[in-house]
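Please read the structure below before turning to the comments.
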Amino acid sequence: MNGPKRDLESVYVDPVIGNLMNHPQIGKINEIFRNSEKRYFIHLSEIFENNPLLYAKIEEIIFAKYKIFETSLLVVLRRQGKGILHDSLILPDLAKYRMDVAKVLLQECQKEARLAIRNAYYQNGYLIGETYSPEFTRLIDEANRREEQKKQVRLKKRLFDSCLQNLFREQPVNLINRMTRQYMQR
10 MNGPKRDLES VYVDPVIGNL MNHPQIGKIN EIFRNSEKRY FIHLSEIFEN NPLLYAKIEE
70 IIFAKYKIFE TSLLVVLRRQ GKGILHDSLI LPDLAKYRMD VAKVLLQECQ KEARLAIRNA
130 YYQNGYLIGE TYSPEFTRLI DEANRREEQK KQVRLKKRLF DSCLQNLFRE QPVNLINRMT
190 RQYMQR
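Numbering-wise, the sequence shown is residues 10 to 195 according to our numbering.
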C-alpha cells in the first residue's frame, strides 16, 4: 500500500452491549470496517498483479460461491500494475462485465474483512480494530475443507456400492473388508 504508514484505529466495545448501533463511537467503528474492507480489496488487487495463480484460485472460489460462470479477469484485463479497477481492458465492450465482477469481489472482501475483525475481537481484548495484514487463507481453507468433504462422501458412496455388489454376489465378508481397505488406501 502506498502512502505514509499510520496507526491502525481501534475502539473498545463492551461485550455485553446489545446492539452495536447504540455504541457512542459507531461512526468510528463504521470507518474501521470501511478501511479494512478497502485494505482487503487493495490486497486482492495486488494479488491480481503479482501472483496470478493465487488470484485465479481465489477468483474461482468466489465465482463458484456466487454461481458466476464467466471468464476470469485475468483473461479480460491487461495486467499493467494499476489494479483490477484501472487496468485497461482487452475489449472495451467488457467494461460492464469488469464492474459486475468487481462488485462481487468487493462484496467478498467486505465479508472477509468483517469476519477477520470479528474473529480478532476477543483476542484483542474487546477491541474492534482495523486489519493490518489482510489474507484470504480462511476463504481458501474453507473451500478446501468443502472439497475434502465432497471427496469423503464420494468415497463412502463408492464403498457402500461395492459392499452391496458383493452382498448380492453372496461373497464372504472377508472379501468386502479387503475391497474396503483397497479403497481407503487410494
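Backbone N, C-alpha and C fix where the C-beta goes; we use that ideal spot for every residue, glycine too.
Q.
Tell me the DSSP secondary structure of S2 in three-state form.
A. The structure shown has nothing for residue 2, since the chain only spans 10 to 195.
Q. Do S81 and A65 have their C-beta atoms closer together than 8 Å?
A. Mapped onto the sequence shown, residue 81 falls at position 72. Mapped onto the sequence shown, residue 65 falls at position 56. The beta carbons of S81 and A65 sit closer together than 8 Å.
Q: With DSSP as the reference, please indicate the residues paired to V20 in a beta bridge.
A: Start at 1 with the first residue of the sequence shown, and residue 20 comes out as number 11. Answer is I137, bridged to V20.
Q: Would you mind working out which of E151, Y106 and S97 sits nearest E79, comparing C-alpha positions?
A: Counted from its first residue, the sequence shown places residue 79 at position 70. Of the listed residues, the one whose Cα sits closest to E79 is Y106.
**Q.** Rounded C-alpha distance that separates I35 from C118
**A.** Here residue 35 corresponds to residue number 26 of the sequence shown, with the count starting at 1. Here residue 118 corresponds to residue number 109 of the sequence shown, with the count starting at 1. Rounded to whole angstroms, I35 to C118 spans 21 Å at the Cα level.
**Q.** Nearest candidate by alpha-carbon position, reference L100, set V84, V110 and G92
**A.** Position 91 of the sequence shown holds residue 100. The closest CA to that of L100, considering only V84, V110 and G92, is found on V84.
Q: Check whether the stretch 35-45 touches the stretch 150-161, counting contact only when three or more Cβ pairs, one atom from each stretch, lie closer than 8 Å.
A: no
Q | Buried or exposed (CB count within 10 angstroms, at least 16 for buried), Y49 | A | Within the sequence shown, numbered from 1, the residue matching residue 49 stands at position 40. With 16 or more other CB atoms across the displayed protein chains lying within 10 angstroms of its CB, Y49 is buried.
Q.
Just verifying my parser: in three-state terms, what is the DSSP assignment at L86?
A. As a first step, residue 86 is located in the sequence shown; it is residue number 77 there, counting from the start. It is a strand residue.
Q. In whole angstroms, what separates the C-alpha of L164 from that of L98?
A. Position 155 of the sequence shown holds residue 164. Position 89 of the sequence shown holds residue 98. L164 and L98 have their C-alpha atoms roughly 44 Å apart.
Q. Since N119 is in the alpha helix (DSSP H), which residue starts that stretch and which ends it?
A. Taking the sequence shown and counting its residues from 1, one reaches residue 119 at position 110. Contrary to the premise, residue 119 reads as Gln rather than Asn in this sequence. A104 to Y130 is the extent of the alpha helix (DSSP H) around Q119.
Q) What is the DSSP secondary structure of L100, reduced to helix, strand or coil? A) The residue labelled residue 100 in the question sits at position 91 within the sequence shown. Three-state result, L100: coil.
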